[in-house]
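For reference, the structure is listed below as structure tokens.
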Amino acid sequence: MPAKAPAPAFLSRILGQLFVGAAGMPVLGRKCDSQTCKSSQLPRVMVEYWFPLGVFWSQIVQLHIGYHASMGPQFSLKSLRRVPDSSQSVHYAMNGNIEGLKDLFNRGLASPWDVSSTRGYTLSRWALYSKQYKTVKFLTMAGSDADYRPIAHTDNSTRNKAYDKFLQGGLDKAAEEDIRCLIASSDWINDQNFSKLHKIIVGILLLDLEEAIANDPGQVDITDAMGLSYAADRGHTLCVKLLLEAGAVAEPILPPGVKLGSPLNCAARNTKDPILLKYLLTYGAAVDGTGVDGVTTLIHASRTDNVRFAILLLDYNANINAASITEPTPLTTAITYNSHAVLGLLLDRWEEFSSCSRLQGPHLLEITALYADLETVRLLAKTDHFKLKYDEGFTLREFAKRLTERADVTDELIEAFDMLLLVLNENLKGPESKESLMEKGYDGYANTLSVIYEIEKLASDASPSKERPPGKYSDGSDDGETEFQDAVEVSEQLGLEA
């Protein structure tokens, strides 16, 4: 697949984006550095145009032109759809919510051919990014393009990345079976030009890593290998320790124009061992380092509900208000993914920090209406210092409509969200007022949202376009508070304070 060369970024918002890629062409293509590469190159050109968001259905049009010695010229034309990274389809793909995706597909609100704006990821690529292997299989079978290449030339298609995941090891039998539909037809491994150190780390060469580093210490920071990033991404704590002690740079300086996630950012997304993060931070890794989408390590911890990581990162002064390119913060991410343990931690520490601009206006309540489960709503409602006034133009009816459109809506969720609105709308003077409100429950207040919800539900039931299969996306159960306390105790035992 030819790499993409994007048009200048300042033109993208007005004129869209144009990508041109070429392979097998001495003038336009990259020079091959291996015999495998040379033997597999066929002359071909790919031209891809992204319409601006909201223009011509946000279409992506892709034209392939190639030449084969025995078949002659070849042409293909296909279209995809561009969606924001914050869209529900991306969220469901990353969260492994197959029923939610089916619901969106059935209502025409998303399709397996959706491609996100920031990275150029298909839904199947996002699912693979988040290790949702059953969702990867579902989306692949539904028609998601497994060979579509993301924007960054250092990134790879769903099919090739699945092979990489398989090669890393650590997948259980079920996960291997789920991605077998991708790796069975991939020749990715034959196209790689791995260094010796890289091959040892991923398990292609069964040699001693410590001995290999001692024999050739210069390999630890080879740009093409980035051994520390690979080890951190795979959760190999001992490898990370050995590489750092051998002189590997915890915060690598990348060539101009190259944007990659740092070893710490990769580790926060893919691993579970806080000791690995502690090593990287001790050796100078930037705690707020981001990937191409601007997602910080703390946002990754919020998405995966890894409260041990979150405690460690905050102890190293991670920015609790940092927003990614698509504007989610650690707090809104915790709400979106119902990460109860991290949400409790962030709300507990919020008084130590300045207010976050992303909590002004309707944004917080909109996210809560779209994604929050019962426990998340209750956590928000009982937070003393969490008092907001939403935009009056963003009416209760709009919140009710969003709840109506959720297939997992329940009476309990409606009541909990109604209480949250009451808490936020009441100009509480102090803790006593809030306790009084919580004691009263709903007897002293008109349950406005529930009334509006019933009206919206009747309208929804009467509309054929709103039909969707029943199902619950989350069961509302949570051990977040217990997990939070356990994480604090474990962190103290491990000596993870900064």
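The sequence shown maps to residues -24 to -1, 1 to 474 in mature numbering (1 follows the signal peptide of the UniProt record, and there is no 0). By construction, the Cβ of each residue, glycine as well, lies at the ideal position given by its N, Cα and C atoms. Because the structure is a prediction, the values reported are computed rather than measured.
Separation of residue 210 and residue 216 (C-alpha to C-alpha, rounded to the nearest whole angstrom) is 10 Å. One alpha carbon belongs to residue 62, the other to residue 258, and they sit about 33 Å apart. For residue 226, there is no enclosing beta strand (DSSP E), as DSSP gives it neither H nor E.
Of the candidates 313, 290, 348, the residue whose Cα lies closest to the Cα of residue 324 is 290.
In the three-state DSSP reduction, residue 55 falls in the strand class (E or B). Counting along the chain, the unbroken beta strand (DSSP E) around residue 26 starts and ends at 20 to 26. Counting every other CB atom within 10 Å of its CB across the protein chains shown gives residue 232 a total below 16, marking it as exposed. Two segments are said to touch when three or more pairs of C-beta atoms, one from each, lie closer than 8 Å; by this definition the segment 72 to 87 does not touch the segment 281 to 298.
Counting only the Cα atoms, residue 240 lies some 36 Å from residue 81. Less than 8 Å divides the Cβ of residue 274 from the Cβ of residue 296. Counting only runs of 4 or more residues that sit fully inside the segment 259 to 315, the alpha helix (DSSP H) segments are 273 to 280, 283 to 291, 306 to 312, in chain order. Rounded to the nearest whole angstrom, the CA to CA distance from residue 188 to residue 172 is 8 Å. Residue state for residue 236 is assigned as coil, using DSSP reduced to three classes. Here residue 79 carries a helix assignment [DSSP, helix/strand/coil]. Residue 64 sits in a helix when the DSSP states are folded into three classes.
A check of alpha carbon separations from residue 395 across 322, 358, 385, 220 identifies 358 as the nearest.
Short of 7 Å from the beta carbon of residue 355, and not among the five residues preceding or following it, lie these beta carbons of its own chain, in chain order: 316, 319, 320, 323. Taking all protein chains shown into account, residue 382 has 16 or more neighbouring C-beta atoms within 10 Å of its C-beta and is therefore buried. Runs of the beta strand (DSSP E) lying entirely within the segment 94 to 168, each at least 3 residues long, are absent.
Annotation for residue 208: the continuous alpha helix (DSSP H) segment containing it runs 203 to 210. Pairing residue 226 with residue 256 gives a Cβ-Cβ distance under 8 Å. Going by DSSP, residue 357 is part of the alpha helix (DSSP H) stretching over 350 to 357.
Around the beta carbon of residue 243, 16 or more other beta carbons sit within 10 angstroms, so the residue counts as buried.
Secondary structure note for residue -2: its beta strand (DSSP E) is the uninterrupted segment -8 to -2.
In the structure shown, the three-state DSSP call for residue 49 is strand.
It is roughly 11 Å from the alpha-carbon of residue 249 to the alpha-carbon of residue 288.
Residue 113 and residue 92 have their C-alpha atoms some 19 Å from each other. For residue 184, the three-state secondary structure derived from DSSP is coil. In the three-state scheme derived from DSSP, where H, G and I count as helix and E and B as strand, residue 87 is classed as coil. With respect to residue 116, residue 158 sits close: the two C-beta atoms are nearer than 8 Å. Looking at the backbone, the Cα of residue 384 and that of residue 59 are separated by about 23 Å. In chain order, 392, 393, 396 place their CB closer than 6 Å to the CB of residue 353, counting only its own chain and leaving out the 5 sequence neighbours on each side. When the Cα atoms are used, residue 27 and residue 71 turn out to be separated by approximately 28 Å. Assignment of residue 92 by DSSP, reduced to helix, strand and coil, places it in the strand class.
Taking the CA atoms as reference points, residue 224 sits about 14 Å from residue 252. By the 16-neighbour rule on beta-carbons within 10 angstroms, residue 378 is buried.
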